[in-house]
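J.: Residue numbers (this note's numbering), protein chains in the order written: chain A, 1 to 135; chain B, 136 to 270; chain C, 271 to 405; chain D, 406 to 540; chain E, 541 to 675; chain F, 676 to 810. Backbone N, C-alpha and C fix where the C-beta goes; we use that ideal spot for every residue, glycine too. Please read through the structure below; I'll follow up with questions.
There are 6 protein chains.
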Amino acid sequence: MRVKVSRKAHFNAAHRLYNPEWDMDKNQSVFGLCNNPNYHGHNYELIVSVTGDIDPVTGYVMDMKLLKDLIKAEVEEAFDHKNLNVEVPEFQTLNPTAENIAVVIYNKLKPHLDSSQELEVVLYETPRNFVTYTG
Amino acid sequence: MRVKVSRKAHFNAAHRLYNPEWDMDKNQSVFGLCNNPNYHGHNYELIVSVTGDIDPVTGYVMDMKLLKDLIKAEVEEAFDHKNLNVEVPEFQTLNPTAENIAVVIYNKLKPHLDSSQELEVVLYETPRNFVTYTG
Amino acid sequence: MRVKVSRKAHFNAAHRLYNPEWDMDKNQSVFGLCNNPNYHGHNYELIVSVTGDIDPVTGYVMDMKLLKDLIKAEVEEAFDHKNLNVEVPEFQTLNPTAENIAVVIYNKLKPHLDSSQELEVVLYETPRNFVTYTG
Amino acid sequence: MRVKVSRKAHFNAAHRLYNPEWDMDKNQSVFGLCNNPNYHGHNYELIVSVTGDIDPVTGYVMDMKLLKDLIKAEVEEAFDHKNLNVEVPEFQTLNPTAENIAVVIYNKLKPHLDSSQELEVVLYETPRNFVTYTG
Amino acid sequence: MRVKVSRKAHFNAAHRLYNPEWDMDKNQSVFGLCNNPNYHGHNYELIVSVTGDIDPVTGYVMDMKLLKDLIKAEVEEAFDHKNLNVEVPEFQTLNPTAENIAVVIYNKLKPHLDSSQELEVVLYETPRNFVTYTG
Amino acid sequence: MRVKVSRKAHFNAAHRLYNPEWDMDKNQSVFGLCNNPNYHGHNYELIVSVTGDIDPVTGYVMDMKLLKDLIKAEVEEAFDHKNLNVEVPEFQTLNPTAENIAVVIYNKLKPHLDSSQELEVVLYETPRNFVTYTG
């Protein structure tokens with residue numbers, strides 16, 4: 001009996017979208033307002049889901065408290081109230097689009113899970129824009 | 136790295152459910168209140184998702200602004216503040232159930248996407264009723 | 271100890287905004303898309319609040335079940351899956367704007383409450399537009 | 406044309422997590438606050454989805470009213486305002502974790518569906534914790 | 541410049557509504573399902589609002605972190621994952637209706653605020669039922 | 676018949692909280708993570724409400740389209756995708772707390788309303804923190 005368990009979390013951060021190999025005009029035409037060199041920001045809403053077998057002894061796929069703590073340690077402490085471009089190592093050379101942030105979060109969480117478990121990361125950049133990555 | 140990017144949109148419309156090959160009694164027993172010949176209406180909430188590879192140059196699967204504009208051109212301008220049965224050509228001969236509306240939206244959007252991209256349409260008819268179509 | 275108790279409800283309806291004393295051009299310039307003569311529709315979300323003293327015997331200001339039943343009898347049965355302009359008597363001569371619908375709901379509910387109780391009606395026409403009427 | 410139709414429902418219940426084969430200390434260390442022998446409770450939000458072909462005669466995969474009634478008969482009447490551990494037979498010997506509740510709901514609903522239809526159960530234990538079971 | 545600052549919080553609890561001076565039949569007829577002697581439960585959502593002057597030095601009416609910590613100390617630690625009737629002293633002799641819970645929360649928080657500040661407590665018992673108390 | 680009409684809007688921005696008359700340690704102890712000199716950001720959700728009499732000719736207190744356009748011109752174009760501290764003149768010498776942002780929005784909108792109309796500004800900094808200003 002494989003079940004997917006999901007946990008919502010939250011972090012606030014500043015970011016800017018641009019490609020350092022392009023000039024300002026090209027960045028402006030591709031990224032528009034998101035290219036503001038003074039940064040803008042978001043309340044990112046995150047849903048992390050782990051799919052695995054129900055442990056018949058506990059009735060849990062994974063203790064939600066452990067999943068909450070894992071998200072806090074790996075994602076919230078690294079990203080919350082940060083400037084993603086300036087302060088988060090993964091985005092020194094990677095454009096912090098929602099797509100890339102979701103992939104980075106996936107890669108930070110996956111090693112902490114059992115190899116039999118599948119991981120899904122959903123990241124809301126705004127209430128109307130979100131992305132999903134499953135590896 | 137395939138990622139699903141999703142965009143929420145919105146339109147209001149009037150509709151009526153009925154099968155013109157049935158008499159009023161049969162329509163009433165199958166469609167109940169939804170068969171009201173004077174129409175009723177909904178705030179339809181729409182989530183359009185496109186799954187594809189992240190473009191390493193932009194960090195985007197698809198520019199959300201383009202997806203927003205595509206939904207506006209193909210769906211909102213065609214359906215918003217309209218009577219679906221009376222004013223939308225696709226529903227002249229097709230019952231505008233949530234299922235059929237989702238299929239019509241899918242068929243309107245799909246030709247505008249890259250053939251390597253997958254499309255998913257989620258349509259909320261009310262906050263408690265919604266449908267999902269993936270082709 | 272006066273407490274406000276609130277209950278959410280829901281109805282779907284079609285409507286059209288127009289002033290019969292104006293010609294089509296004037297109606298179009300004032301009401302725009304909302305003037306569509308074929309109607310459009312909404313999922314109206316309603317929050318009805320009653321403020322009164324806590325009854326020390328029950329701990330209730332008003333039994334929420336009674337409030338739910340009152341909303342069902344007076345509002346949902348009268349408006350749900352209806353065409354407001356065509357089928358609801360109050361809107362035969364009154365433009366069914368959100369403002370006017372809220373006033374009509376208030377006037378239908380108020381006589382059923384204790385004279386010592388205050389009534390507030392909040393009506394969402396869309397998730398982004400709503401009105402509040404307190405008499 | 407296979408479409409997934411989804412219906413949200415709701416029930417409130419009390420429960421307690423524990424394994425009767427463990428002593429109190431072990432239960433406390435695994436289940437923490439959820440092990441409170443006096444019970445705690447939740448507003449469970451449920452999303453039941455049925456995937457099947459659109460019936461060309463009605464435009465429905467399944468009449469949402471029938472799905473609503475099925476959820477009411479099989480889930481709400483059995484679980485709403487109940488103590489899951491004490492009053493619901495399935496949890497006499499099964500720990501009422503969100504995972505196990507979702508599996509029980511799935512098993513109660515599945516026999517009522519057409520064999521060609523797929524079922525998905527999503528259960529929110531809190532706004533931040535939820536599980537998904539697809540059989 | 542008086543501003544109202546609001547903070548959302550959450551707790552889960554079991555409860556039962558009844559009046560010990562009434563017999564079982566009377567309790568059943570007034571409180572219905574909520575009278576279940578085995579308890580049921582809710583995810584209570586709480587919004588605490590403090591109205592006061594903006595401190596020109598900080599730009600705050602009140603540090604939201606302090607408000608969050610106050611709610612945690614006074615409300616969440618006292619009520620979360622508890623049986624309100626059995627484990628919370630205030631409800632030994634007071635029926636834990638939403639109205640009474642809101643008043644108890646108000647009375648626990650008010651002494652910690654500045655006398656120049658006003659307090660409002662909004663308590664959601666379910667997503668459709670909520671109460672507001674302002675002293 | 677005075678009715679309050681409300682419109683939701685949205686903007687994303689970066690900001691930093693600090694008092695330039697304090698040293699870094701004092702700013703850190705008061706504003707914590709919000710004092711990050713590299714900025715962080717939010718999806719601000721805004722609800723603007725105007726209370727006035729229903730115009731008997733239109734049935735409107737105020738055309739929601741005009742209110743939407745006013746919010747766009749005065750708030751969204753000034754704040755969206757901006758760094759509040761660096762790019763918005765009002766916050767050159769005013770700490771951009773939620774309280775102060777709400778007051779600035781109020782002061783920008785009020786002159787555009789009829790003197791008989793009242794204005795209320797609700798600003799969500801996060802889904803759990805929000806402020807209300809009514810002048």
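(1) What number of angstroms, rounded off, separates the C-alpha of E:Pro651 from the C-alpha of B:Val239?
(2) Specify, as a first and last residue, the run of the alpha helix (DSSP H) that D:Glu523 falls within.
(3) Are the beta-carbon atoms belonging to E:Lys605 and F:Gly707 less than 8 Å from one another?
(4) Roughly how many angstroms separate the alpha carbons of F:Asn804 and F:Asn718, rounded to a whole number?
(5) Within 8 Å, do at least three Cβ pairs link the region 676-685 of chain F to the region 8-20 of chain A?
(6) By alpha-carbon positions, which one of B:Leu152, B:Tyr174 and B:Asn173 ends up nearest to B:Ser164?
(7) Quick one: what's D:Arg407 bridged to in DSSP?
(8) Give me the Cβ distance between B:Lys139 and B:Ser184, rounded to the nearest whole Å; I'm assuming they're in contact under 8 Å.
(9) In or out: C:Thr363 buried (at least 16 other Cβ within 10 Å) or exposed?
(10) Do D:Asn505 and D:Ala419 have their C-beta atoms closer together than 8 Å?
(11) Shorter than 8 Å from the beta carbon of E:Asn640 to some beta carbon of chain D?
(12) Please compile the residues from chain E whose C-beta is within a distance smaller than 8 Å of the C-beta of C:Val373.
(13) At which residues does the beta strand (DSSP E) containing D:Asn424 begin and terminate?
(14) Quick one: grab the DSSP three-state call for D:Tyr465.
(15) Just tell me which of F:Tyr735, F:Ala777 and F:Pro802 has its CA closest to the CA of C:Asn365.
(16) By the three-class DSSP mapping on this structure, what secondary structure does B:Leu229 have?
(17) Run through DSSP, which three-state label would B:His216 get?
(18) Just by C-beta distance, which residues in the region 563-580 of chain E are closer than 7 Å to chain D?
(19) Can you find a C-beta in chain A that's less than 8 Å from the C-beta of B:Thr193?
(20) Does DSSP put A:Leu70 in a helix, a strand or coil?
(21) Kindly give me the distance between the Cβ atoms of F:Glu720 and F:Tyr799, rounded to whole angstroms, as I take these residues to be in contact under 8 Å.
(22) Output, in sequence order along the chain, the residues in the region 611-631 of chain E whose CB is closer than 8 Å to any CB in chain D.
(23) First and last residue of the beta strand (DSSP E) that includes A:Tyr133?
(24) Would you call C:Glu390 buried or exposed, if buried means 16 or more other Cβ atoms sit within 10 Å of its Cβ?
(25) Just confirm the distance between the C-beta atoms of E:Val671 and E:Ala638, as a whole number of angstroms; I'd bet it's less than 8 Å.
(26) Could you tell me how far apart the beta carbons of D:Asn440 and E:Val626 are, in whole angstroms, since I believe they sit closer than 8 Å?
(27) Note down, in chain order, each residue of its chain lying with its Cβ closer than 7 Å to the Cβ of F:Val763, except the 5 sequence neighbours on either side.
(28) What did DSSP end up calling A:Val48 once you bin it into helix, strand or coil?
(29) Roughly how many angstroms separate the alpha carbons of E:Arg542 and A:Val57, rounded to a whole number?
(30) Hey, is A:Lys108's beta-carbon within less than 8 Å of any beta-carbon in chain D?
(31) What would DSSP say about F:Asn782, mapped onto helix, strand or coil?
(32) Does any residue of chain F bring its CB to less than 8 Å from the CB of E:Val588?
(33) Assuming B:Val257 contacts B:Ile182 under a Cβ cut-off of 8 Å, what Cβ separation, rounded to an integer in Å, is found between them?
(34) Out of B:Asn162, B:Tyr241, B:Pro155 and B:Ser251, which one is the CA nearest neighbour of B:Asp190?
T.: In this structure, then:
(1) Spanning the two alpha carbons is a distance of roughly 59 Å.
(2) Taken as a continuous stretch (DSSP letters only), D:Glu523 belongs to no alpha helix (DSSP H), being part of the beta strand (DSSP E) at Glu523 to Thr531.
(3) It is a contact, given that the beta carbons lie within the stated cut-off.
(4) Spanning the two alpha carbons is a distance of roughly 12 Å.
(5) At 8 Å Cβ cutoff, the stretches do not touch.
(6) Cα-wise, what sits closest to B:Ser164 is B:Leu152.
(7) Partner residues in the beta bridge of D:Arg407, as assigned by DSSP, are D:Asp458.
(8) By a beta-carbon distance limit of 8 Å, B:Lys139 contacts B:Ser184. Their separation comes to about 5 Å.
(9) Burial call: exposed.
(10) In this structure, D:Ala419 does not lie closer than 8 Å to D:Asn505 by Cβ.
(11) Under the 8 Å criterion on CB atoms, E:Asn640 is classed as non-interfacial with respect to chain D.
(12) Those within 8 Å of C:Val373 in chain E number zero; the least Cβ separation is about 22 Å.
(13) Note, D:Asn424: premise wrong, no beta strand (DSSP E); not H, not E.
(14) Three-state DSSP puts D:Tyr465 in coil, outside helix and strand.
(15) F:Tyr735 is the residue among F:Tyr735, F:Ala777 and F:Pro802 whose C-alpha sits nearest the C-alpha of C:Asn365.
(16) Three-state result, B:Leu229: coil.
(17) The answer is coil: DSSP assigns B:His216 none of H, G, I, E or B.
(18) Within the region 563-580 of chain E, the qualifying residues are Leu573, Cys574, Asn576, Asn578, Tyr579 and His580.
(19) Yes, its Cβ sits closer than 8 Å to a Cβ of chain A.
(20) In the structure shown, the three-state DSSP call for A:Leu70 is helix.
(21) Going by Cβ atoms, the distance from F:Glu720 to F:Tyr799 rounds to 4 Å, so yes, they are a contact pair.
(22) Residues are counted here when their Cβ sits less than 8 Å from a Cβ of chain D; for the region 611-631 of chain E these are Asp620, His621, Lys622, Asn623, Val626 and Glu627, given in chain order.
(23) From DSSP, the beta strand (DSSP E) with A:Tyr133 extends over Asn129 to Tyr133.
(24) C:Glu390 is buried by the Cβ-count criterion.
(25) 5 Å between Cβ atoms; contact.
(26) Between E:Val626 and D:Asn440 the Cβ distance is about 15 Å, and since that is not below 8 Å, they are no contact.
(27) Contacts found: Ala753, Phe754 and Lys757.
(28) Collapsing the DSSP output to three states places A:Val48 in a strand.
(29) The straight-line gap from Cα to Cα measures roughly 55 Å.
(30) Cβ-Cβ to chain D under 8 Å: no for A:Lys108.
(31) In this structure, F:Asn782 counts as helix in the three-state DSSP scheme.
(32) No, E:Val588 lies away from the interface with chain F (no Cβ there is under 8 Å from its Cβ).
(33) That pair is a contact at about 4 Å.
(34) That would be B:Ser251, whose Cα lies nearest to the Cα of B:Asp190.
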